[in-house]
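Residue numbers (the numbering used here): 1 to 564.
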């Protein structure tokens, strides 16, 4: 049997300079802690405004779709416990161009999470100081944008994330475990307090169960904060290289984090709908508003006479987003680390300190986060972009899994999905649907950012890379032949589609109607899937990629030992 890494233990790192300090609880809690960030603080209100009471089904459908994707990464992460695995898997199976493309999209998505968590915390903190100000943007949506004071505090918060990460993953994991217990306790308390204090069952039907129909129910999955609220499952994969028993811990962390939080979110949505005052629904779910709605859950608690709970929520609105922002600062640094190790980014980004921390990557993450605040100064304006970018980057995972089953069928798989290609293909199709549901007004920005990545690749290639050995061979046939039609097809279908529904301001044509969108995306998924399977790297080349990664890991481990 071919394996990538030797059995791991607590005695030292097995991949690069990264330390293997995270146990099963730490890895599971990294996922749960990342999932329970700012999304749950806003998701119930946003989803209700888009889908009405049908938002309950939006959470269920979203959880199932994310779980399908997560299952694919659970198998890959258990096979190859690599730091930054989400972008290194495509490199093993499809070569450097695929790795760079998925790495760039992934990095964009991860680098913008810490800023949105800061924005979420400051929006709730507006109760005490003028950190945000309410505005109405194109299409009539209400957003809460950062003020001058908000920008100053946001910069300080981003700097704190870097400082905490500098002290290493062991300390971070311990802090995160405490924070996760707090978050679980608070969200459970909110659910039971709302349900037991005031549950108005009539809210589920008084203004229609699904006032925007199925279209609204599916749109909420992508733009209401639902998918965004589940994206933290990736931590079980990204931090696999720092886990003390990844073969056991990765599947538990990935699957467990989605299942645990999925149940919690559905119950929270039910409790929220039942707690809304019917007088606030006089203009329908799409116009739902109430005093202090910048902090919706705390505002509802206040209206129910639960002032003590509102106080706890305002405190949690700092702790929950801060913990998730801290996690994503960690992960973004490790993504750039992985890109450097794949020679798709400058070598400096892959250097680590004696603490095992990619400091240069963390500093780059800090400054990029500050830039993100400018075009996306509010939580509401950034959530759809992050959702679409992250899910798009996840879409490569199911394709890689299916390819590897053909390329290296004899490699040991500690966790293997049943039913052949069925689950991976459904996961790939699900990722395409979620990106499409985000709508053209979000996706044109995403695909513009993707195009910018290709420009940077050209520049990087022209100057010879900046890494040992220069730029790697891009392996165009294996990487570009399927990824470019996939990205281009999604962009075109989104432009021709009707998401957002009948929104001329977004610039989409609405040519492809609701039902046809499913069929067209299904067709694109089949075509791209077939091309990818046909052009995948030969098994021998995949094995060489694996052996090179093993050799690199051993060399870096020896360097770490010498440095100590």
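Note that CB positions come from ideal geometry on N, CA and C, so glycine has one too.
Item	Value
Using the C-alpha atoms, what's the distance from residue 422 back to residue 544?	28 Å
CB residue 247 to CB residue 78, shorter than 8 Å?	yes
Nearest to residue 510 by alpha carbon, out of 54, 440, 129, 70?	440
In the DSSP assignment, what residue or residues form a beta bridge with residue 590?	Because residue 590 is not part of the residues shown, which for the chain are 1 to 564, the question remains open.
Count the other CB atoms, across all protein chains shown, that sit within 10 Å of the CB of residue 100; report buried if there are 16 or more and exposed otherwise.	buried
Could you give the DSSP three-state label for residue 517: helix, strand or coil?	helix
Who are the Cβ neighbours of residue 362 in its own chain at under 6 Å, not counting the five residues just before and after it?	162, 165, 333
Can you tell me which of the three DSSP states residue 512 falls into?	strand
Mind checking who residue 23 pairs with in its DSSP beta bridge?	Residue 23 is not bridged to any residue.
Compare the C-alpha of residue 449 against each of 108, 41, 125 and name the closest.	108
Confirm, please, whether the CB-CB distance from residue 446 to residue 378 is below 8 Å.	no
Three-state secondary structure (DSSP) at residue 202?	helix
Buried or exposed for residue 354, going by 16 or more other Cβ atoms inside 10 Å?	exposed
Buried or exposed for residue 530, please, with buried defined as at least 16 other CB atoms from any protein chain shown within 10 angstroms of its CB.	exposed
In chain order, what residues of the same chain lie with their CB nearer than 6 Å to the CB of residue 286, ignoring the 5 residues before and after it?	49
State the Cα-Cα distance for the pair residue 44 and residue 474, rounded to the nearest angstrom.	44 Å
Between the Cα of residue 115 and the Cα atoms of 52, 328, 134, which residue gives the shortest distance?	328
Using only the alpha-carbon positions, how far apart do residue 121 and residue 224 sit?	17 Å
Classify residue 420 as helix, strand or coil using the three-state DSSP reduction.	coil
Measure how close the beta-carbons of residue 274 and residue 228 come, nearest whole angstrom, since I'm counting them as under 8 Å.	Wrong, their Cβ atoms sit about 23 Å apart, outside the cutoff.
So, with DSSP's three-state summary, where would you put residue 546?	helix
Start and end of the alpha helix (DSSP H) containing residue 568?	Outside the displayed range of the chain (1 to 564) lies residue 568, so it cannot be described from this structure.
Do residue 476 and residue 89 have their CB atoms nearer than 8 Å?	no
Between 520, 254, 230, 245, which has its C-alpha nearest residue 432's C-alpha?	520
Assuming residue 461 is part of the alpha helix (DSSP H), what are its boundary residues?	440-462
Looking at residue 367 and the ligand HEM, is the gap between the Cβ and the nearest heavy atom below 7 Å?	No copy of the ligand HEM occurs in the structure displayed, which carries no ligand at all.
CA-CA distance, residue 394 and residue 492?	20 Å
Quick one: is residue 265 buried, meaning 16 or more other Cβ sit within 10 Å of its Cβ, or exposed?	buried
Is residue 95 close to chain B? Criterion is C-beta to C-beta, closer than 8 Å.	Although the question refers to chain B, the structure presented lacks it and comprises just one protein chain.
Tell me which residue opens and which closes the alpha helix (DSSP H) that residue 396 is part of.	396-407
Taking the alpha helix (DSSP H) that residue 207 belongs to, which residues open and close that run?	No alpha helix (DSSP H) contains residue 207, which DSSP labels as neither H nor E.
Extract the residue ranges of the alpha helix (DSSP H) inside the region 55-120, only unbroken runs of 4 or more that lie entirely within it.	55-79, 85-94, 96-111
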